[in-house]
Amino acid sequence: MAPFALDLLLRLTGVRGQIPRFDDFRPVPATPSTRAAGRLLRALAIAAAVFAALSLAVWGTVWLAIRLL
Numbered sequence: 009m010a011p012f013a014l015d016l017l018l019r020l021t022g023v024r025g026q027i028p029r030f031d032d033f034r035p036v037p038a039t040p041s042t043r044a045a046g047r048l049l050r051a052l053a054i055a056a057a058v059f060a061a062l063s064l065a066v067w068g069t070v071w072l073a074i075r076l077l
């Protein structure tokens, strides 16, 4: 389950397809890119959404268990 979740996270953030091979290196731009900040914010938003979904799932499980007792 962990490798699948990591692979899914890398694909959603766009990192998975950006790993260069040895012949794919290009010159780095002199100015900082705003795309990196966008990717970081997107990764943080995805991580927050995953954390919220897992928290709600645990809360729902505990709530259901208490109701059934």
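Using the numbering used here, the first residue of the sequence shown is number 9, and each one after it goes up by one.
For glycine and all other residues, C-beta sits at the position ideal for the given N, C-alpha and C.
Subject >> Supposed contact pair residue 43 and residue 21 - C-beta distance, whole angstroms, cut 8 Å >> reply: Incorrect: roughly 12 Å between the Cβ atoms, too far for contact.
Original post:
Is residue 76 near the ligand COA, with its Cβ less than 7 Å from a heavy atom?
Top reply: This structure does not include the ligand COA; it has no bound ligands of any sort.
Original post:
Which value, in whole angstroms, describes the spacing of the CA atoms of residue 54 and residue 17?
Top reply: 8 Å
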